[in-house]
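Peer 1: Structure in structure tokens, see below.
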Amino acid sequence: MSNIKPYLCGGTFFTQLILNSANDTKETTILEKLLKIYYCNDSEENSINFSKPQVSAFKSCTKEAPDAFGFKEIFMRERFDKAVKNNDKIVFDLTKDLVDVLYAGKNMDRKPSQFEINSKKERLVLNLLYIIQQDDKISLDTKFYISETKIPTQKEDLSKVENVVLIPFLLGVWHYIITQRYNKNKNGEVTYKSWIIDEKDHIKNSKHNFRSKLYEDSEKKELIILGTSCELFQEFKNDFRKIIEYIINTESSEILNHRIKIYKLYKPSMDKWVAKKNRHRKIDYITDCKLLNKAWYVINIIYKFRIIIEFENQESSTNRDIKRYLLENTKYYKKRVENDSETTAKIVNPYNVNDIDTLRKTLSELYIELYN
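Numbering follows numbering that gives the first Met the number 0, in which position 106 of the sequence shown is assigned residue number 105; successive positions increment by one, without gaps.
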């Protein structure tokens, strides 16, 4: 690997977006999406007609950004800075548009596999983290607004990052560039040139003529690229919709005779989401979003539903029976539940679901909130 210390600027950031996209989207399209994030506006009046020399000069860091980009306008930089720090939806949505262009473009000649998309996303994040950490002009106490919560992360703590949500991460890096290095694009020229494998003119600008990764394999850290809370919530709804609809649309008397069907509908999704929660336990994304928190209650309600069915054919079907079953068979509840206190009852059965009719009613109410 090159011994040159990398430099983070608009051109080097733009280059990494191009190199790690999963399609052949035009460079001008990517740049236009970047600028719209900065403008905090997606209106047509903010469209700019780029010349190829302008795009090439910005990307290769041979020139500063042209005045037409608006980087020198103090009020525009302050507006963008405020939008990011206030977690404004507009800049988040505009960054999502950029990510869609990079990884879900409609004009792809070849649809990349999900594995390829995930690999490109991971490499993009790892490359940018490497640039930031190796850039000795960025002090260790520099703050990056790279999380959904917009609680800043200092450079010295970036090495500890294990989970990244791509949209706020890219937005946070772009925010640093706009607020701190809007007029220092030429400083990245040496970095850009160090990524080129062969200087022959006819292949110099090909994506395949650039180093794909900036880090050594031995230095690669385990990194999980997460979806946003909204994306996770949508995934949850897709996974559990069928089982929830089956329960609320089936008579209680019939449900008792379909225990195996319910189990088959429920188990794959439950196993998947328990694994997700365990894998991402260091950031409890379920509690990051009220709707996701509600969704997690749905999972537990369906789990208790299976237990309720097991007790339904017995003479005594009480909350105490259900609670005892949970305590004896679920490690999660063993850790959180103590004795037979009122708090215990609320944790084990937060919706006070003790029979199938109550559970169906509870799921019906949640269904309206989750899917409407």
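For every residue, glycine included, the Cβ atom is placed at its ideal position computed from N, Cα and C.
So the beta strand (DSSP E) Asn162 belongs to, where does it begin and stop?
Peer 2: Asn162 to Val164
Peer 1: Locate the alpha helix (DSSP H) running through Ile89, then write down its first and last residues.
Peer 2: Lys88 to Tyr102
Peer 1: Would you identify the three-state DSSP class for Lys206, choosing helix, strand or coil?
Peer 2: helix
Peer 1: Using CA coordinates, which residue listed in Glu147, Gln132 and Gly171 is at the minimum distance from Lys159?
Peer 2: Checked all of Glu147, Gln132 and Gly171; the closest Cα to Lys159 is Gln132.
Peer 1: Indicate whether Phe68 and Leu34 have their beta-carbon atoms separated by less than 9 Å.
Peer 2: yes
Peer 1: Once the 5 residues before and after Leu93 are set aside, which same chain residues still bring their CB inside 7 Å of it?
Peer 2: Lys35, Ile36 and Asp41
Peer 1: Check this for me: beta carbons of Leu165 and Leu123, under 9 Å apart or not?
Peer 2: yes
Peer 1: Mind listing, in chain order, the continuous beta strand (DSSP E) runs of no fewer than 3 residues lying wholly within the stretch 106 to 179?
Peer 2: 162 to 164
Peer 1: Does the beta-carbon distance from Val273 to Leu365 come in below 9 Å?
Peer 2: no
Peer 1: Exposed or buried, what is Thr227 when buried is set at 16 or more other beta-carbons lying within 10 Å of its beta-carbon?
Peer 2: buried
Peer 1: Could you check what DSSP says for Ile3 in three-state terms: helix, strand or coil?
Peer 2: coil
Peer 1: Identify whether Leu225 lies in helix, strand or coil by the three-state DSSP scheme.
Peer 2: strand
Peer 1: If you reduce the DSSP assignment to three classes, tell me which class Ile196 lands in.
Peer 2: In this structure, Ile196 counts as coil in the three-state DSSP scheme.
Peer 1: Helix or strand or just coil, what does DSSP make of Tyr181?
Peer 2: In the structure shown, Tyr181 sits in coil (DSSP, three-state: anything other than H, G, I, E or B).
Peer 1: Using three-state DSSP, classify Tyr214 as helix, strand or coil.
Peer 2: coil
Peer 1: Would a C-beta distance cut-off of 9 Å place Gln153 and Asp135 closer than the cut-off?
Peer 2: no
Peer 1: Can you grab the Cα-Cα spacing for the pair Tyr181 / Cys8, in whole Å?
Peer 2: Rounded to whole angstroms, Tyr181 to Cys8 spans 8 Å at the Cα level.
Peer 1: Helix or strand or just coil, what does DSSP make of Pro65?
Peer 2: coil
Peer 1: For Leu213 versus Trp194, is the C-beta distance shorter than 9 Å?
Peer 2: With respect to the 9 Å criterion, Leu213 and Trp194 are classified as neighbours on the basis of their beta carbons.
Peer 1: Go through its chain and collect everything with a Cβ distance to Tyr144's Cβ below 7 Å, but skip five positions before and after it.
Peer 2: Val83, Lys84, Pro151, Gly171 and His174
Peer 1: Using a 10 Å radius around the Cβ and a threshold of 16 neighbouring Cβ atoms, would you call Phe79 buried or exposed?
Peer 2: buried
Peer 1: Between which two residues does the alpha helix (DSSP H) holding Ile376 run?
Peer 2: Residue 376 lies beyond the range of the chain shown here (0 to 371); nothing can be said about it.
Peer 1: My understanding is that Ile300 touches Leu264, with C-beta atoms under 8 Å, so please give their C-beta distance in whole angstroms.
Peer 2: Ile300 to Leu264, Cβ: 14 Å. No contact.
Peer 1: Would you report the Cα separation of Lys88 and Tyr38, rounded to the nearest angstrom?
Peer 2: A straight line joining the alpha-carbon of Lys88 with that of Tyr38 spans about 13 Å.
Peer 1: Which term fits Gln113, buried or exposed, when burial requires 16 or more other beta carbons within 10 angstroms of its beta carbon?
Peer 2: exposed
Peer 1: May I have the straight-line CA-CA distance separating Glu155 from Ser138, to the nearest angstrom?
Peer 2: The straight-line gap separating the alpha-carbon atoms of Glu155 and Ser138 is approximately 8 Å.
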